[in-house]
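J.:
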Amino acid sequence: MKAVIGGTGFAEFDDLTDITGNVVKTSFGDAYLERGTFRGETMAFVPRHGHPPRQTPHRINYRANIQALSDIGADSIIAVNAVGGVDASLDVPSLVIPDQIIDYTSGREHTFFQGEIQHIDFTYPFDQALRDQLIAATGSVGNATHKGVYGCTQGPRLETAAEIERLRRDGCDIVGMTAMPEAALAREREIPYASLCVVVNQGAGFNDAPVALDEIGAALEEGMQCVREVFRSLV
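To convert a position in the sequence shown, counted from 1, into the working numbering, add 163.
#1: Taking the alpha-carbon positions, what's the G368 to A342 distance?
#2: Taking the alpha carbon of S233 as the reference point, which residue from D262, A381, M164, G248 has its own alpha carbon closest?
#3: Reducing DSSP to helix, strand and coil, say where F208 ends up.
#4: Any idea if R222 is buried or exposed, counting beta-carbon neighbours within 10 angstroms, 16 or more meaning buried?
#5: Please give the ranges of any beta strand (DSSP E) in the region 235 to 319, keeping only runs that are unbroken, at least 3 residues long and fully inside the region.
#6: Rounded C-beta distance between Y313 and V246? I'm assuming under 8 angstroms.
#7: Return the chain-ordered list of same chain residues with a C-beta closer than 7 angstroms to the C-beta of F173, the five sequence neighbours on each side being excluded.
#8: By the three-class DSSP mapping on this structure, what secondary structure does L359 have?
#9: Is the separation between the beta-carbon of I241 and that of A166 shorter than 9 angstroms?
#10: Only counting the same chain, and skipping five residues up and downstream in sequence, which positions put a Cβ closer than 6 angstroms to that of E197?
#11: Work out the CA separation of D238 and I354 for me, nearest whole Å.
#12: Any idea which residues DSSP pairs D333 with across the strands?
#13: Does DSSP put D177 in a helix, a strand or coil?
#14: On a Cα-Cα basis, can you pick out the residue from D371, P373, R395, V363 that is closest to D250?
#15: Looking only at its own chain, which residues have a Cβ that is under 8 angstroms from the Cβ of I337, when we skip the five neighbours before and after it?
#16: In this structure, how does DSSP classify R391 when only helix, strand and coil are distinguished?
#17: Quick one: measure Cβ to Cβ for T219 and G318, integer angstroms, because I've assumed they're closer than 8 angstroms.
#18: Just to confirm the assignment, what range does the beta strand (DSSP E) spanning R202 have?
#19: Give me the Cβ distance between Y195 and G169, rounded to the nearest whole Å; I'm assuming they're in contact under 8 angstroms.
#20: Spatial neighbours of H309 within its chain, please: C-beta separation below 6 angstroms, excluding the five flanking residues on both sides.
#21: Quick check on the burial criterion: 16 or more other C-beta atoms within 10 angstroms. Buried or exposed for N224?
#22: Are R226 and G278 touching if we call contact CB-CB under 9 angstroms?
#23: How far does the alpha helix (DSSP H) with A349 in it extend, from its first residue to its last?
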């Protein structure tokens with residue numbers, strides 16, 4: 164079963180039909196999950212921030228969300244993430260399919276492994292086959308970047324101009340708050356995972372003005388329409 168995790172601006176999967184939603188109990192807590200039909204296939208959808216969406220990025224129970232998908236037999240996950248642009252060349256809004264992550268978070272429950280020594284290979288955090296599907300599907304919307312480094316910050320506040328400059332020096336192209344530990348937990352459960360990011364603002368310090376939160380909302384709405392088009396074009 165394919166699965167989608169939606170975040171800010173994508174708390175509902177509008178194209179999902181015959182939806183049943185319920186709270187799934189896992190050994191790591193409860194997660195709200197919906198199952199429905201999309202293009203003739205059964206699909207699972209998890210609203211990352213809860214139902215209704217109340218959990219800020221550093222408070223999300225990432226382990227429960229991924230464990231719930233593992234328990235129902237999800238064999239792939241596409242995550243939708245709203246991000247800021249660190250690379251000044253990225254348009255707002257536009258799509259990015261990242262191929263790498265740098266994790267700047269702290270204090271999050273970031274592993275399923277407890278009381279045992281376990282390691283996973285995380286050289287390439289995003290599944291290439293899923294990335295290839297997303298890359299092919301973005302041809303229907305244009306204005307998509309097919310690689311990039313996602314810098315994951317703690318949140319829930321936005322970054323300072325100095326922090327964005329540091330991310331830029333570190334090689335980040337986009338900045339968000341939710342890719343980690345989500346991607347690593349999916350790897351621990353051996354579920355292929357890829358991210359479809361929507362750039363909804365330029366990072367702090369690109370100009371003298373502060374980040375305009377009202378403009379983020381407008382960019383979210385436009386960008387998420389492109390996300391829906393991508394899903395409709397997926398093979």
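Here a beta-carbon is modelled for each residue, glycine too, at the ideal position from N, C-alpha and C.
All values derive from a computational prediction rather than experimental measurement.
T.: Considering the structure as presented:
#1: 23 angstroms
#2: M164
#3: strand
#4: exposed
#5: 239 to 248, 257 to 259, 263 to 266, 312 to 315
#6: 7 angstroms
#7: V243, M387, V390
#8: strand
#9: yes
#10: I182, G184, F208
#11: 6 angstroms
#12: The partner list for D333 (beta bridge, DSSP) is empty, contrary to what the question assumes.
#13: coil
#14: V363
#15: V246, G247, G248, V249, D250, L253, V259, P261, G311, V312, Y313, G314, C360, V362
#16: helix
#17: 6 angstroms
#18: It is not in any beta strand (DSSP E) - R202 carries neither H nor E in the DSSP assignment.
#19: In fact, because the Cβ distance is near 11 angstroms, the residues do not count as touching under 8 angstroms.
#20: I260, I298
#21: buried
#22: no
#23: 345 to 351
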